[in-house]
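In full-length UniProt numbering, the protein residues as written are 1 to 122.
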């Protein structure tokens with residue numbers, strides 16, 4: 001797994017228990033995973049089709065730097081499936097894990113179209 005991006009947890013990102021709000025984390029994950037999928041498909045027109053359950057393992061606190069790791073799991077004709085791990089940058093403690101995120105390449109009408117990647121190219 002390669003870690004591609006980082007965010008710093010600031011007070012505005014916290015929930016009532018003073019840890020990173022899951023909604024904020026999911027917003028970051030969606031953005032970062034979408035960028036990763038875009039790079040894999042070489043396309044800017046895609047949608048998130050599936051995001052599997054999210055396993056939260058540990059909270060992140062103010063001033064923690066968290067990093068997002070992604071790997072390509074599989075290719076469909078018009079889709080890519082991605083796995084995501086979020087961890088603390090300093091101690092590498094796992095924060096959350098998403099086993100399956102599926103992104104679909106679409107045309108200007110929102111209909112699936114082949115991305116043109118081959119399985120061995122992944």
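Glycine included, every Cβ here is placed at the ideal spot set by N, Cα and C. All of these numbers come straight from a predicted model, not from anything done at the bench.
Residue 27 sits exposed, since fewer than 16 C-beta atoms from the chains shown fall within 10 Å of its C-beta. Fewer than three Cβ pairs drawn from the stretch 6-15 and the stretch 73-82 lie within less than 8 angstroms of each other, which leaves the two stretches out of contact. A straight-line Cα-Cα distance of about 22 angstroms links residue 42 and residue 85. Bounds of the beta strand (DSSP E) holding residue 84 are 79-88. The Cβ atoms of residue 66 and residue 60 lie closer than 8 angstroms to each other. Residue 36 counts as buried, since no fewer than 16 other beta carbons sit within 10 angstroms of its beta carbon.
Taking 4 residues as the minimum length, the alpha helix (DSSP H) runs contained wholly in the UniProt domain "HotDog ACOT-type" (1-109) are 22-41, in order along the chain.
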